[in-house]
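These notes concern the structure reproduced below.
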Amino acid sequence: MKILNVAIIGGGWIGTSHAKAYRAIREHYGSEVIPNLYMIVDTVEAQAKKVADEFQFERWSTNPDDAINDEKTDIVLITTPNQFHVPLVEKAAAAGKAIFCEKPLGMNGADAKKALDAVRRYHTISMVGFVYINNPAVVEARRIIESGEIGEVVAFQGRYDMEYSADPEIPHRWRDYDEVSGALGDIGAHMMAISDFVTGAKMTEVVGSSRILYADRPDPANSGKRLPVTNDDLFNVLYKLDNGALGTLVTSRVAPGEKVGIRFEVQCTKGTIRFDQERMNELDVYYASDGSNAGFRNIKMGPQHGEFGVFASAQGLGISWIDLMTIQAHKFLTAVAERRMVKPDIESAYDINILIDAMLKSDREHRWVSVSECRL
665 MKILNVAIIG
675 GGWIGTSHAK
685 AYRAIREHYG
695 SEVIPNLYMI
705 VDTVEAQAKK
715 VADEFQFERW
725 STNPDDAIND
735 EKTDIVLITT
745 PNQFHVPLVE
755 KAAAAGKAIF
765 CEKPLGMNGA
775 DAKKALDAVR
785 RYHTISMVGF
795 VYINNPAVVE
805 ARRIIESGEI
815 GEVVAFQGRY
825 DMEYSADPEI
835 PHRWRDYDEV
845 SGALGDIGAH
855 MMAISDFVTG
865 AKMTEVVGSS
875 RILYADRPDP
885 ANSGKRLPVT
895 NDDLFNVLYK
905 LDNGALGTLV
915 TSRVAPGEKV
925 GIRFEVQCTK
935 GTIRFDQERM
945 NELDVYYASD
955 GSNAGFRNIK
965 MGPQHGEFGV
975 FASAQGLGIS
985 WIDLMTIQAH
995 KFLTAVAERR
1005 MVKPDIESAY
1015 DINILIDAML
1025 KSDREHRWVS
1035 VSECRL
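Note that this note's numbering has the sequence shown beginning at 665, numbered continuously upward.
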């Protein structure tokens, strides 16, 4: 049995979601490698104390350096607002810690490159939180495509819509002003990672267009005043893949009724795959070889589909989003225990930052942009 001490920097919703996932590892995966919730860090003292008590962390702090510099810390999870990611990655890499960072990695490609340079310099084991590629249904989609069962990929159509900013009276927050935190970088980044994972192909050229639907939002600190929104509420992208396929990415944070509207369709030469995260335990597959009986088959995920069997013993029982977080946590924990690299890592996240840069550049300059133009 190996025990690894985990420190989480950022005690908000996503930080506590990671805490739940790490706490669930022993129950689902056994005791070969066990995470110990060692330290929680939040700049608000009351929140740090609250999370420490709720999840039984050994220590709490308001200073990230306490977690990074503590010799007992093995793994640092960075779940702060985006602007703090890279400086914390640099510090944690220099301190010899394994690093998990939420997405997007950096504020732009140049910022993300600093994190990439740091983990390369110190040979750091890292992972970044593109959690949806851990869904057994998404993994099965990849397997089907890799097997050649439905031919070569012709087109990928993906969207990620949510309604978390659909109300114009929701107060202004950090997500509303820096470029990378618009709909494209905040939620569209997940679809970029899914496209890469499922198709096995890289984006080479992009053209994008954005819209700010609500120009300002209420200032949470000054009643009656409003602050400008300076990043995208909606962003649409066309792209080309290095295997010749075409792609689309549609994303919105102002889409009424959309909760976690992750959907994609992969059209191939001998069939098509469809997936909807709000029906996350199902996959629809069309095989042209079915001939006169051709139609989409609805596949219910079950124990025969990889990690699904860790959480549920029969088809139809279903697994949840927090189970995807637990799959992700276990994958990273075991990689650290075995001292091996794992994907998606800081390098993968740097690539996503470069794609975001290219899409933003295309929007500004109203033209197709080669991804290589933005690579550093």
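Quick reminder that beta carbons are idealized off the backbone N, C-alpha and C, glycines included.
Just so we're clear, the structure is a prediction, and the values are computed from it rather than from any experiment.
In the DSSP assignment, F975 falls within the alpha helix (DSSP H) that extends over F972 to F975. Between E722 and D883, the alpha-carbon positions lie close to 37 Å from each other.
Taken through DSSP and simplified to helix, strand or coil, V697 comes out as strand. Looking from the CA of S829, the closest CA among Q821, R839 and L668 belongs to R839.
In this structure, R917 sits away from A853, with a CB-CB distance that is not shorter than 7 Å. With contacts defined by Cβ atoms closer than 7 Å, E816 and A782 do not form a contacting pair. Distance from the Cα of T998 is smallest, within the candidate group H682, A683 and I689, for I689. Taking C-beta atoms as the reference points, V974 and H692 count as a pair closer than 7 Å. DSSP, read as helix, strand or coil, puts M703 in strand. Taking one beta carbon from each stretch, the stretch 866-876 and the stretch 986-995 have fewer than 3 pairs nearer than 8 Å; the two do not touch. Per DSSP, reduced to three states, the secondary structure at P728 is helical.
The beta carbon of K1025 is closer than 8 Å to those of V1033, E1037 and C1038 in its chain, skipping five residues each way along the sequence. With 16 or more other Cβ atoms inside 10 Å of its own Cβ, Q711 counts as buried.
The three-state reading of DSSP puts A909 in coil, since its state is none of H, G, I, E or B.
For V817, the enclosing beta strand (DSSP E) begins and ends at V817 to D825.
Remark: three or more beta-carbon pairs, one from each stretch, lie closer than 8 Å, so the stretch 853-867 and the stretch 927-945 are flagged as touching. DSSP, read as helix, strand or coil, puts A762 in strand. Taking the Cα of S725 as reference, the smallest distance to any Cα among I739, P745, Q747 and Y702 is reached at Y702. Taken through DSSP and simplified to helix, strand or coil, Q720 comes out as coil. Between the alpha carbons of R1004 and M665 lies a gap of roughly 18 Å. The DSSP assignment places 739-742, 762-765 and 790-792 as complete runs of the beta strand (DSSP E) inside the stretch 731-794, in order along the chain (cut-off: 3 residues). A Cβ-Cβ separation of about 11 Å leaves I673 out of contact with V715 under the 8 Å criterion.
S845 sits in a helix when the DSSP states are folded into three classes. Less than 7 Å separates the beta-carbon of D897 from that of L877. One Cα belongs to L1040, the other to M771, and the distance between them is close to 14 Å. Boundaries of the alpha helix (DSSP H) harbouring K1025: I1010 to E1029, taken from the DSSP string. M965 carries a coil assignment under DSSP once its states are collapsed to helix, strand and coil. If you draw a 10 Å sphere on the C-beta of R823, you find 16 or more other C-beta atoms in it, and that means buried. In this structure, D948 places its C-beta atom within 7 Å of the C-beta atom of N962. Spanning the alpha carbons of H969 and G982 requires a straight line of approximately 12 Å. Pairing P832 with M826, the inter-Cα distance amounts to about 14 Å.
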